[in-house]
Amino acid sequence: MSWKCTVFILVWALLLGLGKCQQGCSNIPDNLRFDCYPQGVANEQSCLNRGCCWTKPSIVDDEVPLDIPYCFYPNDYGYQLVNQQKTQTGFLLSLAKKGHAGPYGKDIENVAVDVRFEARNRLHFKVYDPNNKRYEVPIETPKVDTETTSPDYTVSVTNFPFGIAVKRKSTGTVLFNSSVGGMIFEDQFIQMSSLLPSSVLYGLGEHVVPLQLDVKWNRATLFARDQGGTPEGLTNLYGVFPYYISMENDGNANGVFLLNSNAMDVILQPTPAITYRTIGGILDFYVFLGPTPDQVVQQFTAVVGRPYMPPYWGLGFHLCRWGYGSLNGTQTVNANMRKYGIPQDVQWNDIEYMDKHLDFTVDQNKWGGLGDFVKKLHDNYHQYYIPIVDPGISSEQPQGSYPAYDVGLEMGVFINASTGGPIIGQVWPGKTVFPDFTYSETQVYWEQMLSQFRKLVEFDGLWIDMNEPSNMLDGSSKGCPANSPLDHPPYVPHVLGGALYIKTLCTSAKHHGYSHYDVHSLYGLTEMVQTMSALKKLRGKRTVVISRSTFASAGQHGGHWLGDNTATFNDMYLSIPGILNFNLFGVPLKPQHTPCCFPGPAAFGDDFARMASDVLMARYRLLPYLYTQFAQAHTLGSAVARPLFYEFPKDSRTYAIDRQFLLGPALLITPVLSQGSTSVKGYFPDATWYDSMDGSILQTSGGGGQQHTLPAPWDKINFHFRGGYIIPAQQPNITTYYSRQQPFELIVALSSSGEARGTCFMMTGNHSIL
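Below, the structure is given as structure tokens:
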């Protein structure tokens, strides 16, 4: 055969292939394009080689980081439904890969979809490999054996390309529809897209962004990461919550949770639509029907676990900073708080109290007597103490001199390198190893270490930090294997630094039964579980565990702080959406936002100290109400700190508000968030609102929501009571111990019809009254 004939055949074959691809590319509008080349800059040939479409969009917006893709999936890309059978909980689907191979290799040719009608307002479906066991997130979720008889939703599927759609029965609104974008299920790249019912979306944390997410070509990366200074944007940060709440156009709410802990990108586009790209595990989706935001949060926490009930003192004022310098510095600050009559329940310390930054030690030169100071806090002042503990255990102390390493090594509780032996990183004390908190034996080790430390310092709770886990080396002291697909997967989500092991461990590291690749983002959660378990055993009563790194279900085991910031007014503003998001995530306990940086209210002079005392006394007065809200969170799963849309979902003007917030349903806070302001503007939804200071009526219900300008002198906090509620309160004192000896009171805020009702939770001995 001549070379001309060969060229002709090749060109003809290429044209046939191109023509076949283009058949599935016609009539796809810009808003239904889903990116087929997410890992870099595509060209036409590389796009077509993937079996995808290449066409310049009709409109190109250069002002956004993502844009309408040139390279996008055809409408005949993905899996085909080949069988459907009934099950006790719903139905089981069998899918087969059809058409062009996926872009990153090792396609799972046959996939199963288990659709479970678990509850009236909850659908659960899993997409997985029926022939090979893959990693699944090891957190406890409800086990359902029979199908619910009266779901508030219908489920339909498309044959090819396969998609699953969930529709609300009462309104016909489609909440989830994955018949777009081309589903991919490969060994290290799994993708599913869905249309959204509206552009009003919240969640997908943890990030430092406004409360309402921008769906105009935005990318949220989820993979636990220590990133000081809390960078704004949707870059990966300390925690991982692949869960969102969506407001529908009629004011109903729904939620979607992807139970997957592998590194992922979540793409939002103005269709509106969402695309999940994860590099491991399975697709394990829960869809929550609400229909109110409160019910969505309750349904989510019913799956991942209700928030734990903190002790009453845990809701008092906590004080901490990096830079006390010595025990004497801590004592001085603590004494000045009492001198000025400023309420304080809990004193914290950062790692400066440690000897050479070694966990479970005390620097005797500057911090000798710390144990006696804590005993005095308990006995004389009825206060509590929380120190910091990091997971990095020094591996370079003289043999026999540091039990935390010697005992752990003997018990075999540390994470190992892929080549064997504990993986070595570097944190504050130098070269370190890391306990494997997914391992049951580590619980014994951790309890032993904490028990021995508590004999030195009788702490009441723990602040666990650096647990993403953070590592000052990239991967390990020896780097990471160059040929490991776990350290260098074919697709890397857009993590800071560009590689999974930057500022953490090699993802090829070995846990007991897992690879770090799969459970990296669970490290903080698993440490929380074992720390809370150990403290309950050591104290014999409720306690406080505050973790920097978290994952869905963390609220069962403690609280969260938002990490370091620069203590600007903008940081204070951004802390509000951070607090609100974590309440939506089922983690309502959040001590003050900057525990590393705030020097203490008594440090700014007499006038400031007086103002701080007045403000905190006002807060302590309302602790019975706040405690009741935590009881409701613990029993029902509701949020404590709430965005305005949470209580007023039919008022679209509340959807983007994140400079005000509610505590429970009845208390609205309107803080000053710009320096030097003497007034503040706030939106008050349609209700009767009372000024908390003098009881005057700001507005009455029936006239719609209104904007108000409020006076805001430096010594006033604007908060208002909502009509129709009875707020339990108590005359305050400088600690919760003394406050609880004061008379109770009820604040009755009548509705426009002259009615009010409320709830009060209190502990009486070993019993609770709600």
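In mature numbering (1 follows the signal peptide of the UniProt record, and there is no 0), the protein residues as written are -21 to -1, 1 to 749.
All C-beta atoms in this analysis are idealised placements derived from N, C-alpha and C, irrespective of residue type, glycine included.
Excluding its 5 nearest sequence neighbours in each direction, Pro711 has C-beta neighbours in its own chain below 6 Å: Met596, Tyr599, Arg600, Ser718, listed in chain order.
Of the candidates Ser149, Val566, Asn544, Val566 places its Cα closest to the Cα of Leu504. Around the beta-carbon of Phe164, 16 or more other beta-carbon atoms lie within 10 Å, marking it buried. Contact between Gln63 and Leu72 holds: CB atoms are separated by about 5 Å, below the 8 Å threshold.
By the Cβ neighbour-count rule, Asp444 is buried, with 16 or more other Cβ atoms within 10 Å of its own. Distances from the alpha-carbon of Ile636 to those of His613, Gly684, Glu97 put Gly684 closest. Between the alpha carbons of Pro469 and Ser225 lies a distance of about 32 Å. About 5 Å separates the CB atoms of Pro448 and Phe413; that is less than 8 Å, so the two are in contact. When rounded, the separation of the alpha-carbon atoms in Gly458 and Pro570 is 37 Å. Under the DSSP assignment, Asn313 falls in the alpha helix (DSSP H) whose first and last residues are 306 to 318. Boundaries of the alpha helix (DSSP H) around Thr614: 602 to 615.
Collapsing the DSSP output to three states places Arg113 in coil. Along the length of the region 193 to 248, whole beta strand (DSSP E) runs at least 3 residues long occupy 197 to 201, 220 to 226, 232 to 237, 243 to 248, reported in chain order. Check the Cα spacing between Gly584 and each of Leu452, Ile321, Ile87: the tightest is with Ile321.
Between Thr271 and Val474, the C-beta spacing is not below 8 Å. Secondary structure at Gly503: helix, using DSSP grouped into helix, strand and coil. Under DSSP, Val188 shares a beta bridge with no residue. A residue is called buried when at least 16 other Cβ atoms come within 10 angstroms of its Cβ; Glu420 does not meet this threshold and is exposed. Inter-segment contact for the region 714 to 733 and the region 650 to 668 is present: three or more beta-carbon pairs are separated by less than 8 Å. Look at Trp346 here: in three-state DSSP terms it is helix. Using a 10 angstroms sphere on the CB of Gln639, the tally of other CB atoms reaches 16 or more, which defines it as buried. Cβ-Cβ distances below 6 Å link Pro82 to Arg29 in the same chain, with the five nearest sequence neighbours on each side left out; the list follows chain order. Around the beta-carbon of Ala582, fewer than 16 other beta-carbon atoms lie within 10 Å, marking it exposed.
In this structure the region 298 to 307 touches the region 345 to 353; the number of beta carbon pairs closer than 8 Å is three or more. With contacts defined as CB atoms closer than 8 Å, Cys485 and Ala396 qualify as a contacting pair. Sequence-distant partners of Tyr606 (beyond 5 residues in either direction) whose C-beta falls short of 7 Å from its own C-beta, in its chain, are Tyr291, Leu294, Phe740. For Leu268, no beta strand (DSSP E) encloses it, and the DSSP letter there is neither H nor E.
Residue pairing by DSSP leaves Ala80 without any beta bridge partner.
Residues of the same chain with a CB within less than 7 Å of the CB of Pro210, apart from the 5 flanking positions on each side, are Val187 in chain order.
Collapsing the DSSP output to three states places Thr137 in a strand. For Thr411, the three-state secondary structure derived from DSSP is strand. Of Ser500, Lys516, Phe548, the smallest CA-CA separation from Phe530 is found for Ser500. If you keep only unbroken beta strand (DSSP E) runs of at least 3 residues inside the region 362 to 412, you get 363 to 368, 404 to 406, 409 to 412.
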